[in-house]
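Asker: The sequence shown maps to residues 1049 to 1132 in this note's numbering. Using N, Cα and C, we set each Cβ at its ideal position, and we do this for glycine too. Structure below; questions to follow.
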Amino acid sequence: MQKLIFLLFIGILSCNSQKKEQKNNVQPEQNKSEIVVKISGKEIVSELDKLEFFNLTDESELETVKQEFAESKDKWNFFSSTMR
């Protein structure tokens, strides 16, 4: 009976030590710095155009909408445009 209790005690201690090692391994990953590349509004509009995002936009308003998308992304860092 004492051997069983001893083995259970050793098993619990080993599981607990592995848990602490896992926590210690996570911390260095949080310290890594990420390089963020900002994409300009024109680049985003050109990619949206490739994906046919502007297909339903009226041809007479197409260039205005694209220009407003690019300007709002560059100036405010989000997309907006005039709505009718």
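1) Report yes or no: do three or more beta-carbon pairs, one from the region 1099-1106 and one from the region 1118-1125, lie closer than 8 Å?
2) For a test of the three-state rule: what should DSSP assign to Val1113, helix, strand or coil?
3) Would you kindly report the start and end of the unbroken alpha helix (DSSP H) that includes Leu1099?
4) Taking Val1084 and Lys1114 to be in contact with their CB atoms under 8 Å, please state how far apart those CB atoms are, rounded to whole angstroms.
Answerer: Here's the rundown:
1) no
2) Numbered from its first residue, the sequence shown carries residue 1113 at position 65. Residue state, collapsed to three classes: helix.
3) Position 51 of the sequence shown, counting from 1, holds the residue named residue 1099. Taken as a continuous stretch (DSSP letters only), Leu1099 belongs to no alpha helix (DSSP H), as it is neither H nor E.
4) Along the sequence shown, read from residue 1 onward, the residue named residue 1084 stands at position 36. Along the sequence shown, read from residue 1 onward, the residue named residue 1114 stands at position 66. 25 Å between Cβ atoms; not a contact.
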